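For the sequence shown, the working numbering begins at 874 and goes up steadily by one.
Report on one structure; see the data block that follows.
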Amino acid sequence: MKSTKACCHCLLCMALAWPLSPYSHLYHYFCWTFYKTKRRYRMLQSIVSRAMKKGLTAFTLSTLVLAGAGNLALADTYKMKVGFLTINDPIHAVGKRFAEEVSKRSEGRIATEVYPAGQLGSAGRQIEGMQFGTQEAFVTPPNYLAGLNPGFQVLDAPGIFESVEQAHAAVTTPEFQEIYLNLAKSAGVEVGNLWVYGPTAIASVKPLKTLDDLKGLKVRVLATKLEQELAAKLGMVGVSVDFTQALSAIQTGTVDAARTSMVVMGGMKFYDTTKHVFKDQTGMVFGVVTVSSTWLQTLPEDLRTIVMEAARDIQDEATDIGIEYAKKADKEWADAGVTIVELEPEARKELFATVSPIGEQYLAENDKTEPVWRALQNALKQVHTN
874 MKSTKACCHC
884 LLCMALAWPL
894 SPYSHLYHYF
904 CWTFYKTKRR
914 YRMLQSIVSR
924 AMKKGLTAFT
934 LSTLVLAGAG
944 NLALADTYKM
954 KVGFLTINDP
964 IHAVGKRFAE
974 EVSKRSEGRI
984 ATEVYPAGQL
994 GSAGRQIEGM
1004 QFGTQEAFVT
1014 PPNYLAGLNP
1024 GFQVLDAPGI
1034 FESVEQAHAA
1044 VTTPEFQEIY
1054 LNLAKSAGVE
1064 VGNLWVYGPT
1074 AIASVKPLKT
1084 LDDLKGLKVR
1094 VLATKLEQEL
1104 AAKLGMVGVS
1114 VDFTQALSAI
1124 QTGTVDAART
1134 SMVVMGGMKF
1144 YDTTKHVFKD
1154 QTGMVFGVVT
1164 VSSTWLQTLP
1174 EDLRTIVMEA
1184 ARDIQDEATD
1194 IGIEYAKKAD
1204 KEWADAGVTI
1214 VELEPEARKE
1224 LFATVSPIGE
1234 QYLAENDKTE
1244 PVWRALQNAL
1254 KQVHTN
């Protein structure tokens, strides 16, 4: 049982401790339960002070405190808003699954709400909201977190993942996750899992049949050295455009194409405009479920555990969701009359050999990315060995 010394100024202790030693177990329990949360503590102070002014008996007073404690416990619920930028894609599906798991495991103590399609703002705004605790969760490709820690971008290195299965096996090794999932902790963001969304493809308004057709193509890429260098290596012109503006940029002729997952582009109906897809598959898009550290600290310990375990436990399922969406995307794009080109094994091997040195070139020279890059290489070697 806790000592009364640390809470000697608590009005509840003053009311119950001195005259009623038989009730000491009650006041100890409620003092320490409610003292931790100032709002509830003030409410109990109000209950006790009003009761004392009315001269209630000790028994009545203790009964009143018990009733108040019960009511407060019933009101002890929290809200978790889960935001993301996309819609009708694996991130949307994983966001919903995460929300469902948290709601179910907390038995309704955490009320969850899902906000797709950037309803809570841009990636930057949602990340900022997480840091300030005004948004509780954000599901996103991890490269959007590179502003918090450059180490997040190591997964964007091209030509290092041969398949979704190999990528998942590598990034879920305990050694790599111990480093990667903690990259944003000091910035106030907890990363709960890491999973594979799917391979990259180039969707274009111009015909793409061979690697030579990529030369001179104006393609939307991320504003990173890795993606800019990839475009240059393949003879393309990399243009940095926010993904939410990528389709309109293609429609207005600002760019000819976009490079990302067919699934996410399909969710925004790119196939109505871009009638040619080149499956370069040199990159792998990933997803993470992130949670606000500030918000987590407002939760009781059991709920904090529930939230983070819910994220971790759907990690494998999330990659499976990505695989299922990829299968549907191929059919969806083909049904929309899009020509889809996939390289023969030898041509693919040549493409990977061209772009794979980019990661070492840009990630090994940076003190903040080098340790994460080495950890990823070790994970890939471990998977290859097994």
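Backbone N, C-alpha and C fix where the C-beta goes; we use that ideal spot for every residue, glycine too.
All values reported here derive from a predicted model rather than from experimental measurement.
Review point. Among all the DSSP beta bridges, which residues are the ones paired with Phe1151?
Key: Partner residues in the beta bridge of Phe1151, as assigned by DSSP, are Ile1075, Val1214.
Check your understanding: Which runs of the alpha helix (DSSP H) fall wholly inside the segment 984-1072 and span at least 4 residues, in chain order?
Key -> Complete alpha helix (DSSP H) runs here, min 4: 996-1005, 1037-1044, 1047-1053.
**Study point:** Of the listed residues Pro1072, Leu1028, Gly1065, Val1094, nearest to Thr1163 (C-alpha basis)
**Key:** If we check each option's Cα against that of Thr1163, Gly1065 comes out closest.
Check your understanding: Lys1254 by DSSP, collapsed to three states: which one?
Key -> In this structure, Lys1254 counts as helix in the three-state DSSP scheme.
Practice item. Determine, using beta carbons only, whether Arg982 and Thr959 come nearer to each other than 7 Å. Key: The answer is no: Cβ separation not under 7 Å.
Check your understanding: Once you ignore the five residues that flank Leu1095 on each side, which residues in its own chain have a CB closer than 8 Å to its CB?
Key -> Only residues of its own chain outside the window of five on either side were considered, and among them Asn1016, Asp1029, Ser1113 have a CB closer than 8 Å to the CB of Leu1095, listed in chain order.
Review point. Using DSSP with H/G/I as helix, E/B as strand and the rest coil, what is Val1137?
Key: Here Val1137 sits in helix by DSSP.
Check your understanding: Exposed or buried, which one is Phe1159 when buried takes at least 16 other CB atoms within 10 Å?
Key -> Classification of Phe1159: buried, given that the 10 Å Cβ count is 16 or more.
Practice item. Return the CA-CA distance between Ile1033 and Glu980, expressed in angstroms with no decimal places. Key: Take the alpha-carbon of Ile1033 and the one of Glu980: they are about 42 Å apart.
Check your understanding: Quick one: what's Phe1159 bridged to in DSSP?
Key -> In the DSSP output, where bridge partners are listed per residue, Phe1159 has Val1069.
Point to revise | Beta-bridge partners of Ala1131, as assigned by DSSP | key: Looking at the DSSP assignment, Ala1131 forms a beta bridge with Ala1076, Arg1093.
Point to revise | Residues near Ser1077 in its chain [Cβ-Cβ closer than 6 Å; skip 5 each side] | key: Closer than 6 Å at Cβ, skipping near neighbours: Asp1129, Ala1130, Thr1147, His1149.
Check your understanding: From Glu1100 to Ile1231, what does the alpha carbon distance come to, in whole angstroms?
Key -> Roughly 9 Å between the two C-alpha positions.
Review point. Any idea which residues DSSP pairs Val1112 with across the strands?
Key: DSSP lists Arg1093 as partners of Val1112.
**Study point:** Delimiting residues of the beta strand (DSSP E) encompassing Tyr1144
**Key:** For Tyr1144, no beta strand (DSSP E) run applies, since DSSP gives it neither H nor E.
Point to revise | Whole-angstrom C-beta distance between Glu1009 and Lys954, which should lie under 8 Å | key: Approximately 5 Å separates the beta-carbon atoms of Lys954 and Glu1009; this is inside 8 Å, confirming the contact.
Review point. Since Val1069 and Thr1192 are thought to touch, with beta carbons under 8 Å apart, how far apart are those beta carbons, to the nearest angstrom?
Key: Right, their Cβ atoms sit about 5 Å apart.
Point to revise | Rounded C-alpha distance that separates Ile1075 from Val1245 | key: Separation of Ile1075 and Val1245 (C-alpha to C-alpha, rounded to the nearest whole angstrom) is 27 Å.
Point to revise | Contacting residues, own chain, Cβ-Cβ under 7 Å from Ala1042 (five flanking each side not counted) | key: Here the set comprises Val1256.
Exercise for review: Would you kindly work out how many angstroms separate the C-alpha atoms of Ala1248 and Gly1210, rounded to a whole number?
Suggested key: For Ala1248 and Gly1210, the distance between alpha carbons rounds to 42 Å.
**Study point:** Sequence-distant residues of its chain with Cβ nearer than 8 Å to Tyr988 (five each side left out)
**Key:** For Tyr988, the CB contacts under 8 Å within the same chain, skipping 5 residues up- and downstream, are Lys954, Val955, Gly956, Phe957 in chain order.
Point to revise | Rounded separation between Met1181 and Gly994 - CA only | key: Taking the straight line joining both Cα atoms gives about 24 Å.
Review point. Taking C-alpha atoms, which residue in Gln1039, Gly1006, Asp962, Leu1107 lies nearest to Lys952?
Key: It is Gly1006.
Review point. How would you label Thr1125, buried or exposed, when you count the other beta carbons within 10 angstroms and need 16 or more for buried?
Key: So Thr1125 counts as exposed.
Exercise for review: Work out the CA separation of Lys1152 and Leu1216 for me, nearest whole Å.
Suggested key: Within the model, the alpha-carbon separation for Leu1216 versus Lys1152 is close to 7 Å.
Exercise for review: Please classify Lys952: does DSSP put it in a helix, a strand, or coil?
Suggested key: The three-state secondary structure of Lys952, taken from DSSP, is strand.
Review point. What three-state label does DSSP hand Ser1165 in the structure shown?
Key: Strand at Ser1165.
Review point. Do you know whose CA, among Gln1154, Ala1207, Trp1168, lies nearest Pro1218's CA?
Key: Here the closest residue by C-alpha is Gln1154.
Review point. In chain order, what residues of the same chain have a beta carbon less than 7 Å from the beta carbon of Leu1236, not counting five sequence neighbours either side?
Key: For Leu1236, same chain residues with a beta-carbon under 7 Å away, outside a window of 5 residues either side, are Val1027, Ala1030, Thr1242, Glu1243, Trp1246 in chain order.
Point to revise | In chain order, each alpha helix (DSSP H) run of at least 4 residues that lies wholly inside the segment 1198-1242 | key: Within the segment 1198-1242, the complete alpha helix (DSSP H) segments at least 4 residues long are 1218-1228, 1230-1236, listed from N- to C-terminus.
Exercise for review: In angstroms with no decimal places, state the Cα-to-Cα distance between Glu1048 and Ala1252.
Suggested key: Spanning the two alpha carbons is a distance of roughly 8 Å.
Review point. CB-CB under 8 Å to Lys1106, same chain, minus the five flanking residues each way: which ones, in chain order?
Key: Closer than 8 Å at the Cβ level, and outside the excluded window around Lys1106, lie Thr1227, Val1228, Ile1231.
Review point. Can you round the beta-carbon distance between Val1062 and Leu1021 to whole angstroms, since I take them to be within the 8 Å contact cut?
Key: Val1062 to Leu1021, Cβ: 6 Å. Contact.
Point to revise | Straight-line Cα distance separating Gln1188 from Ile1052 | key: When the Cα atoms are used, Ile1052 and Gln1188 turn out to be separated by approximately 16 Å.
Review point. Looking at Ala1199 and Gly991, is the spacing between their C-beta atoms short of 7 Å?
Key: Their beta carbons are not under 7 Å apart, which means Gly991 does not touch Ala1199 by this criterion.
Check your understanding: Given Leu1120, which residues of its chain have a CB within under 7 Å of its CB, disregarding the five upstream and five downstream residues?
Key -> For Leu1120, where only same-chain residues beyond five positions count, the Cβ hits under 7 Å are Met1141, Phe1143, Thr1146.
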